[in-house]
Amino acid sequence: MTLQTMLLVAAALFSVGLYGAISQQVVVMVMMGLELMLNGVILAAAAFWWFLSPTPDGQVLLLVVITAMTVEMAMGFAVATLLHRSRQSDMTDMATDLSR
Amino acid sequence: MTVTEVSVGWVPMAAALLLVVAAAAASLDGALAARSAGQPLGGGLLTPVAETTRLFRQRRRTTAAADLPLQRIGGAGLLTAALLMVAVVPFGRWTVADLTVGIVWFNAMDVLVWAAVWLAGWGPNSAHALVAGYRFLAQALSYELPLMFALTAPAVAAGSLRLGDVVAAQSGLWFVVWMPVAFGVFCVAVAGFSVWGPLGAPASGVFTEASGVDRWLLSTGRYALLTAGAAFGTTAFLGGGHGPLLPAWLWLLVKTAGLLAVLVALRRRLPVVAPERFAAPAWLVALPLVLLQLLFVSVVVVVQA
Amino acid sequence: MLTGIVFWVLAVIAVATGVAVFRVDSMARATYALAASFIAVGLVLLLVDLEFLGVITVLMMTMEMAVMGIYMIMFMGMNPALMPMDMVHGKRPALAVAIGTFVVLAAGALLIPWPTRRGAPAADLVTSLGEAVMESKMLVMMTVSPVLFATIVAALVLALPKGRYDRLGDDLRGTDMRAGKAPR
Amino acid sequence: MDLNRLAARRTAVLAVEVPGWSRTRCALEEHVRDRGWRLAGSPADADLLVVCGRPGARLTAAVDHVWSQLPGPRARAEVTTAADVPATLDRAAAELADGAAQRRDAADRPADPDPGTTATGDGDMGDMDDMDMDDHDMDDSGDMDMGDMDHGDMDHGDMDHGDMDHGDMDMPMPAGIGLAGGGDDDQLPDPDALDLDVLHVPLGPVLPHWPAGLLLHTTLQGELVVSARAEVLLPAEDAPPDAPVHGTPAGRWDAVATLLALAGWDDAATRAARVRDALLAGGQPPEAERLARRITRSRLLRWSLSGLGRLPEGDAHDRLRHWLEGTEQRRSTELTAVAELVTGLDLATARLVVASLDLDTADRVTVPAEAGS
Numbered sequence: 000m001t002l003q004t005m006l007l008v009a010a011a012l013f014s015v016g017l018y019g020a021i022s023q024q025v026v027v028m029v030m031m032g033l034e035l036m037l038n039g040v041i042l043a044a045a046a047f048w049w050f051l052s053p054t055p056d057g058q059v060l061l062l063v064v065i066t067a068m069t070v071e072m073a074m075g076f077a078v079a080t081l082l083h084r085s086r087q088s089d090m091t092d093m094a095t096d097l098s099r
Numbered sequence: 000m001t002v003t004e005v006s007v008g009w010v011p012m013a014a015a016l017l018l019v020v021a022a023a024a025a026s027l028d029g030a031l032a033a034r035s036a037g038q039p040l041g042g043g044l045l046t047p048v049a050e051t052t053r054l055f056r057q058r059r060r061t062t063a064a065a066d067l068p069l070q071r072i073g074g075a076g077l078l079t080a081a082l083l084m085v086a087v088v089p090f091g092r093w094t095v096a097d098l099t100v101g102i103v104w105f106n107a108m109d110v111l112v113w114a115a116v117w118l119a120g121w122g123p124n125s126a127h128a129l130v131a132g133y134r135f136l137a138q139a140l141s142y143e144l145p146l147m148f149a150l151t152a153p154a155v156a157a158g159s160l161r162l163g164d165v166v167a168a169q170s171g172l173w174f175v176v177w178m179p180v181a182f183g184v185f186c187v188a189v190a191g192f193s194v195w196g197p198l199g200a201p202a203s204g205v206f207t208e209a210s211g212v213d214r215w216l217l218s219t220g221r222y223a224l225l226t227a228g229a230a231f232g233t234t235a236f237l238g239g240g241h242g243p244l245l246p247a248w249l250w251l252l253v254k255t256a257g258l259l260a261v262l263v264a265l266r267r268r269l270p271v272v273a274p275e276r277f278a279a280p281a282w283l284v285a286l287p288l289v290l291l292q293l294l295f296v297s298v299v300v301v302v303q304a
Numbered sequence: 000m001l002t003g004i005v006f007w008v009l010a011v012i013a014v015a016t017g018v019a020v021f022r023v024d025s026m027a028r029a030t031y032a033l034a035a036s037f038i039a040v041g042l043v044l045l046l047v048d049l050e051f052l053g054v055i056t057v058l059m060m061t062m063e064m065a066v067m068g069i070y071m072i073m074f075m076g077m078n079p080a081l082m083p084m085d086m087v088h089g090k091r092p093a094l095a096v097a098i099g100t101f102v103v104l105a106a107g108a109l110l111i112p113w114p115t116r117r118g119a120p121a122a123d124l125v126t127s128l129g130e131a132v133m134e135s136k137m138l139v140m141m142t143v144s145p146v147l148f149a150t151i152v153a154a155l156v157l158a159l160p161k162g163r164y165d166r167l168g169d170d171l172r173g174t175d176m177r178a179g180k181a182p183r
Numbered sequence: 000m001d002l003n004r005l006a007a008r009r010t011a012v013l014a015v016e017v018p019g020w021s022r023t024r025c026a027l028e029e030h031v032r033d034r035g036w037r038l039a040g041s042p043a044d045a046d047l048l049v050v051c052g053r054p055g056a057r058l059t060a061a062v063d064h065v066w067s068q069l070p071g072p073r074a075r076a077e078v079t080t081a082a083d084v085p086a087t088l089d090r091a092a093a094e095l096a097d098g099a100a101q102r103r104d105a106a107d108r109p110a111d112p113d114p115g116t117t118a119t120g121d122g123d124m125g126d127m128d129d130m131d132m133d134d135h136d137m138d139d140s141g142d143m144d145m146g147d148m149d150h151g152d153m154d155h156g157d158m159d160h161g162d163m164d165h166g167d168m169d170m171p172m173p174a175g176i177g178l179a180g181g182g183d184d185d186q187l188p189d190p191d192a193l194d195l196d197v198l199h200v201p202l203g204p205v206l207p208h209w210p211a212g213l214l215l216h217t218t219l220q221g222e223l224v225v226s227a228r229a230e231v232l233l234p235a236e237d238a239p240p241d242a243p244v245h246g247t248p249a250g251r252w253d254a255v256a257t258l259l260a261l262a263g264w265d266d267a268a269t270r271a272a273r274v275r276d277a278l279l280a281g282g283q284p285p286e287a288e289r290l291a292r293r294i295t296r297s298r299l300l301r302w303s304l305s306g307l308g309r310l311p312e313g314d315a316h317d318r319l320r321h322w323l324e325g326t327e328q329r330r331s332t333e334l335t336a337v338a339e340l341v342t343g344l345d346l347a348t349a350r351l352v353v354a355s356l357d358l359d360t361a362d363r364v365t366v367p368a369e370a371g372s
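Shown next, in the form of structure tokens:
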């Protein structure tokens, strides 16, 4: 277990998550992709922390990443519910008119 | 009293001990059931053995289009979570895993129960089980937050998340004396994650389609969770191994058995509460109360320091 | 040595379940595959002595995925029966982007000459984290808390314009004012 | 002790009451209790299936379906008089302990999953299933393709992914089971305005603590019953030899025991059943009054029953009090009213409300009424 191997695993997780976030149509599945990307970020942050600079500040950073995930999830669920309720759709494609 | 971590070879022993205590709880439940049915108590005491024999002989039944892998994971999940919970509880001078974050670990394991119960309800592809799985999650949302704050209280008082330190901090006064609200909330939450007693409403639904070994795992898992909860409650609130004369491990066993017996007896004395009715008191009464308790504990700690 | 083996096992589980999220046939399996990926990463954190954060990751993500499972099934409407499920758009470009990202990140991880470790971890990492949160990094945490609160409020406002009890009364049998029709 | 006998100590009995045979069912419950056995909560839990009375054709079909769901080792018996119960239970227990017979039975059964669950080919059969979601009524065949699921009404035409058109995807039906359909299909209001999947789940006729022969066709949206239709599956022609317990003091205690068992208060439910059996035996149980006081005083019970199944004369808890005090008025609840009362409730609460009505289905073999259609 070295910095490089941990970063490789983190990169793999991030890329898989990215694939999901781009390719999926359903809002919740997009959120799953985002979650997986953040999962990779957590792993990478932990690797940097341990192998480069094991100070308390790094741990706080990780804590903030985890908080960001909860915020993302909560808002994602809320928006998905709202979309579902208002237009009986949960596909991102159907929400393109929001950008107009 | 320092806590030493024993080698991995003791894990089966710890698991066996957990199962034995859980079986004792099932015996007690059987005896109480026999008493209310006007039957001799002795027959009731044999309940866990008889039920185990019966279920191991029974055919494993599968429903059409069931999600078997998830169902099995859910069924085994309860027992697994209980084992992982007791892994951090100091048994006198020994513990299986001396984590610096034992309290958070316990909390994480009780959240695994969310997943396990839901999966056990989802798997069989049956409306009753599915609805019960969902309703368990609704109930879990009600008890989990008060439980988290209830667990925070002993951690604040001990100034550590390590269970060994929590026990050491109770050498004078047990935490239950000055944090009774946290202890009460904790006991309710134990009933909650064991799907037990007043909070056992989802149990019958989740059990609907289970037979044979699957059913044995589910019901053993419930008793094991109840036991693990009692052992943790003893450690965090009832002074752990502290007590006169007897060795620490025996005290822990005695206190755990006592708390467990109370929990088992309460099940027979109380009707169940529907998850949707439980939500209001949990959020409007228990949560503020336990927060006040936490404030009180924090103030005491700051004043003492 | 043992740590290395455990790490690789967990790493393979994390990535494999991560891939499984977008490959399996049922929403329940996808959700719990993601949960398994998070749990594996949480356990990896334990390997680098991040006990608190590792356990917190397991705790939070299991909870989150349990709730996510509800949303998945509520919105996607699938029963446990397994069905082929393929709801993607632009699969090939997405795959290309993902592979490209991985190549760039992996090259970075392997080729950048990373500096050597500065400083040593504190003896008690949990305590040091607690002190950091309550002392030097308190501002961060104080910013986080209103953000979380705002999230709760915003999410509720978005998701619950009017709940079932508002519209139908406590027994859920009243006239639905919004839809203008009474349940039969 | 030999394992068979050990396992037999916990024999679980699934009792099926045919309308009119309540006296037989009470006797069965008494003997089950006296042997240290217990009543099963679901077919998957049961070792014995005991039918009390002579079921009509549809009820027989439903019982046969339930029989196929017992995991085995299993035994089945039919009993028509209270006096025959002990002998019947002995015979059934002997059959259960007969290893050779059980092995033959297991060998004769088709491989899992249970045959009845996939054989719901026509609408009529679908009605007879008891508890599984594997029995969505198949007459709603419109629900079964993906086109009716939530995303079905989308227009994918202008999207850039020609390779995949998910709205028209032909959905296979795994194991011949229809998928839950989108809510907007049935034009039923969803209490959450989320248009969740609609499930058609029949409650009864074989369901513990449930009125004899009652079959409640429910439509669920999420976990809530959004519409229901009740009917009673009839007994065979011949009349039951024992007088029914309904309307007697024992019948009131029977209702109490049923309601408490559903409310999860095992101790009080068992004791109420004992009081009932003592009354049936002609005694005057001394503990009845104390038990009644204890039940009335329980705040948790009052809280969990209050407001349920509200009728002009009170809610479920009021009715429970009237039973305990012997002051209830016999009323005849129409089947339409039953369907109306459970609408808007979740499954568990619906069962509680039905139990709180103490329906006498033997007295009410009227034309099945439609509700919620």
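In order, the protein sequence lines correspond to chains A, B, C and D.
Quick note on numbering that gives the first Met the number 0: the first sequence kicks off at 0 and runs consecutively.
Quick note on numbering that gives the first Met the number 0: the second sequence kicks off at 0 and runs consecutively.
Quick note on numbering that gives the first Met the number 0: the third sequence kicks off at 0 and runs consecutively.
Quick note on numbering that gives the first Met the number 0: the fourth sequence kicks off at 0 and runs consecutively.
For glycine and all other residues, C-beta sits at the position ideal for the given N, C-alpha and C.
Quiz item: Any beta-carbon of chain A closer than 8 angstroms to the one on P79(C)?
Solution: With a pLDDT of 43 at P79(C), under the threshold of 50, the modelled position of that residue is not reliable, and the figure given next carries that caveat. Closer than 8 angstroms: no.
Practice problem: Check each residue of the region 200-213 of chain D: if its Cβ is closer than 7 angstroms to any Cβ of chain G, include it; give the result in chain order. | Solution: This model lacks chain G altogether, as its protein chains are A, B, C and D.
Quiz prompt | W93(B) in three-state terms, based on DSSP | solution = Per DSSP, reduced to three states, the secondary structure at W93(B) is strand.
Quiz item: So, helix, strand or coil for L159(C), using DSSP?
Solution: coil
Self-check item: Test: H127(B) CB closer than 8 angstroms to a CB of chain D
Solution: yes
Quiz item: Should L202(D) and T217(D) be called a contact, given that it needs their Cβ atoms to be closer than 8 angstroms?
Solution: The Cβ atoms of L202(D) and T217(D) sit closer than 8 angstroms to each other.
Quiz item: Going by the CB atoms, is the gap between P54(D) and V78(D) shorter than 8 angstroms?
Solution: no
Self-check item: Range of the contiguous beta strand (DSSP E) that encloses A11(D)
Solution: 11-16
Practice problem: Helix, strand or coil for H208(D), going by three-state DSSP, please let me know. | Solution: coil
Quiz item: When the Cβ atoms of the region 162-178 of chain B are set against those of the region 186-202 of chain B, are three or more pairs found closer than 8 angstroms?
Solution: Fewer than three pairs of CB atoms, one per stretch, sit closer than 8 angstroms, so the region 162-178 of chain B makes no contact with the region 186-202 of chain B.
Quiz item: When the Cα atoms are used, what is the spatial distance from S305(D) to E34(A)?
Solution: Looking at the two C-alpha atoms, the distance is approximately 43 angstroms.
Self-check item: Cβ contact check for the region 30-46 of chain A and the region 132-144 of chain C: 3 or more pairs under 8 angstroms
Solution: no
Exercise. Please go through the same chain and pick out, in chain order, the residues whose beta-carbon is closer than 7 angstroms to the beta-carbon of L136(B), but skip the five residues on each side of it.
Key: W113, W117
Quiz item: To which residues of the same chain is A264(B) closer than 7 angstroms at the C-beta, ignoring the five residues directly before and after it?
Solution: L31
Quiz prompt | A74(D) in three-state terms, based on DSSP | solution = strand
Quiz item: Sorry if obvious, but does the Cβ on D97(D) come closer than 7 angstroms to a heavy atom of the ligand MN?
Solution: In the structure shown, the ligand MN is absent, as is every other ligand, since no ligand is present at all.
Self-check item: P114(C): contacting residues in chain A (beta-carbon distance under 7 angstroms)
Solution: L51
Quiz item: Does any CB atom of chain C fall closer than 8 angstroms to the CB of V110(B)?
Solution: Residue-level contact check: V110(B) touches chain C, since one or more beta carbons of chain C fall below 8 angstroms from its beta carbon.
Quiz prompt | E50(B) in three-state terms, based on DSSP | solution = helix
Practice problem: Specify whether the region 250-259 of chain D and the region 224-231 of chain D touch according to this definition: at least 3 beta carbon pairs, one from each stretch, less than 8 angstroms apart. | Solution: no
Quiz item: Is the beta carbon of P270(B) sitting closer than 8 angstroms to the one on L58(D)?
Solution: Taking the C-beta atoms as reference points, L58(D) is found no nearer than 8 angstroms to P270(B).
Quiz item: Can you give the Cα-Cα distance for G8(B) and W113(C), rounded to whole angstroms?
Solution: 40 angstroms
Quiz item: Can you list, in chain order, the residues of the region 260-272 of chain D whose Cβ is nearer than 7 angstroms to any Cβ on chain B?
Solution: A262, G263, W264, D265, D266, T269, R270
Quiz prompt | Which listed residue (F21(C), V5(C), G68(C), A35(C)) has its alpha carbon closest to that of L46(C) | solution = V5(C)
Exercise. Return no unless some Cβ of chain C is closer than 8 angstroms to the Cβ of Y133(B).
Key: For Y133(B), the answer is yes, since a Cβ of chain C falls inside 8 angstroms of its Cβ.
Quiz item: Is the CB of W20(D) under 8 angstroms away from at least one CB in chain B?
Solution: no
Quiz item: Are A91(D) and A76(D) closer than 8 angstroms when you measure CB to CB?
Solution: Cβ atoms of A91(D) and A76(D): closer than 8 angstroms.
Quiz item: chain B beta carbons: is any one of them nearer than 8 angstroms to that of F51(C)?
Solution: yes
Quiz item: Going along the chain, which residues of its own chain have a beta-carbon closer than 7 angstroms to the beta-carbon of F231(B), five neighbours each way excluded?
Solution: M84, V88, F105
Quiz item: Any idea what DSSP makes of P39(B), helix, strand or coil?
Solution: coil
Exercise. Measuring alpha carbon to alpha carbon, tell me which of A32(C), S25(C), K90(C), L1(C) ends up nearest I12(C).
Key: A32(C)
Quiz item: Quick one, which residues of the region 64-89 of chain B are near chain C if we go by CB-CB under 9 angstroms, in chain order?
Solution: A64, A65, D66, P68, L69, Q70, I72
Quiz item: Interface residues of chain C around V100(B) at Cβ under 8 angstroms?
Solution: E50, F51, V54, V125
Practice problem: Kindly indicate which three-state DSSP category T326(D) falls into: helix, strand or coil? | Solution: coil
Quiz prompt | Uninterrupted alpha helix (DSSP H) stretches inside the region 46-101 of chain D (no shorter than 4 residues) | solution = As far as the region 46-101 of chain D is concerned, its whole alpha helix (DSSP H) runs of at least 4 residues are 56-68, 84-96.
Practice problem: Would you check if the region 239-256 of chain B and the region 57-76 of chain B touch, i.e. whether three or more CB-CB distances between them fall below 8 angstroms? | Solution: no
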